[in-house]
Structure formats: structure tokens, C-alpha cells
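**Student:**
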Amino acid sequence: MTKLPGTQPEKIVHQNLRLVHAPAKDRFELHHESPYTGDTTFIGFIGYRMADEDPEVYVLQHTIVAEEYGRQGYARALTTLLLDQFEKQEQKFTTQCSYIVDYLRRYPEYLHLVTNPAAKR
Numbered sequence: 001m002t003k004l005p006g007t008q009p010e011k012i013v014h015q016n017l018r019l020v021h022a023p024a025k026d027r028f029e030l031h032h033e034s035p036y037t038g039d040t041t042f043i044g045f046i047g048y049r050m051a052d053e054d055p056e057v058y059v060l061q062h063t064i065v066a067e068e069y070g071r072q073g074y075a076r077a078l079t080t081l082l083l084d085q086f087e088k089q090e091q092k093f094t095t096q097c098s099y100i101v102d103y104l105r106r107y108p109e110y111l112h113l114v115t116n117p118a119a120k121r
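Just so you know, we're using the UniProt record's numbering here: the sequence shown kicks off at 1 and counts up by one.
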């Protein structure tokens, strides 16, 4: 697939991905489900805590993808799935994660959910 100049890459280029909320671990996990065997493979996660000043606001702390899946678009897919879910739930968040700050620069359609001004730059 050829990317046109000035266009953004597709947000999710992988199929059979599933976002799992793991509140006991304070993270949202990305898993790949094999369409053939049904096996699930852990890909990575976005860690979070709840904001001190507002316990209804997620503070997204870091995005981690297993090394063997790095640089293949999985972090972008993970972030997209999470922010799409937040969009549906009208869930506010803030971020301390440099990857998510950069993501928001490329895909500003989620900025209305962000509570910290620094992430909006």
C-alpha cells in the first residue's frame, strides 16, 4: 500500500486485536487472537493510575509493547483502541506518556477528552 504525501498512516493495520482492561494491574492490555487456534498472545499495554485531583480521570503513564512486536504499529493500534473506547464512554484522561502525546499530535480528534493542556500541544 502506498502512502500519499501528507497523509497519516492507518491507525490499525493488524486484525484480530483485543483490548482488555486489567484493573488489578492498572493497565489496558493488547492481545492478538489467532483466528485459527483461538490462542491469545499478549502484545503490550498502557499503564495508568487515576488522577489524584479527580478519581474519574485516567492518567495514562506509559505505553509498552513487547520487543518482538516493536516498530510494527502495535503501539498505535493499542492507543487507538483505548482512545476509541474512551470516546464511546466520554471518558476523560490525561497523559504522562510521550508516545501518547505524539499520537495526539498526529490524531487530534481525541483532544477534547484530554484534561491536561501540555498534552494538547
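Don't be surprised by glycine CBs; every beta carbon is placed ideally from N, CA and C. Computed from a predicted structure; not experimentally measured.
Using alpha carbons as the reference points, say which of Q85, T40 and V65 lies closest to Y99.
**Tutor:** Residue mapping note: residue 99 aligns to position 99 of the sequence shown, counting from 1. The shortest Cα separation from Y99 among Q85, T40 and V65 belongs to V65.
**Student:** Between L30 and F45, how many whole angstroms is the CB-CB distance? I'm expecting something under 8 Å.
**Tutor:** The residue labelled residue 30 in the question sits at position 30 within the sequence shown. The residue labelled residue 45 in the question sits at position 45 within the sequence shown. With a Cβ gap of about 7 Å, L30 and F45 count as contacting.
**Student:** Within the chosen definition, does the stretch 49-56 reach the stretch 67-86 through at least 3 CB pairs nearer than 8 Å?
**Tutor:** Because the criterion of three Cβ pairs below 8 Å is not met, the stretch 49-56 and the stretch 67-86 do not touch.
**Student:** Are the CB atoms of T115 and K88 within a distance shorter than 8 Å?
**Tutor:** Here the question's residue 88 lines up with position 88 in the sequence shown. Here the question's residue 115 lines up with position 115 in the sequence shown. It is not a contact, given that the beta carbons lie outside the stated cut-off.
**Student:** Taking only the alpha-carbon atoms, compute the straight-line gap between H21 and L82 and give it to the nearest angstrom.
**Tutor:** Taking the first residue of the sequence shown as 1, we reach residue 21 at position 21. Taking the first residue of the sequence shown as 1, we reach residue 82 at position 82. Looking at the two C-alpha atoms, the distance is approximately 9 Å.
**Student:** Report the rounded CA-to-CA distance for L4 versus R106, giving the unit in angstroms.
**Tutor:** Sequence index remark: in the sequence shown, residue 4 carries index 4 (1-based). Sequence index remark: in the sequence shown, residue 106 carries index 106 (1-based). Confidence at L4 is low in this model, with a pLDDT of 45, below 50, so the placement of that residue is unreliable and no value is reported for it.
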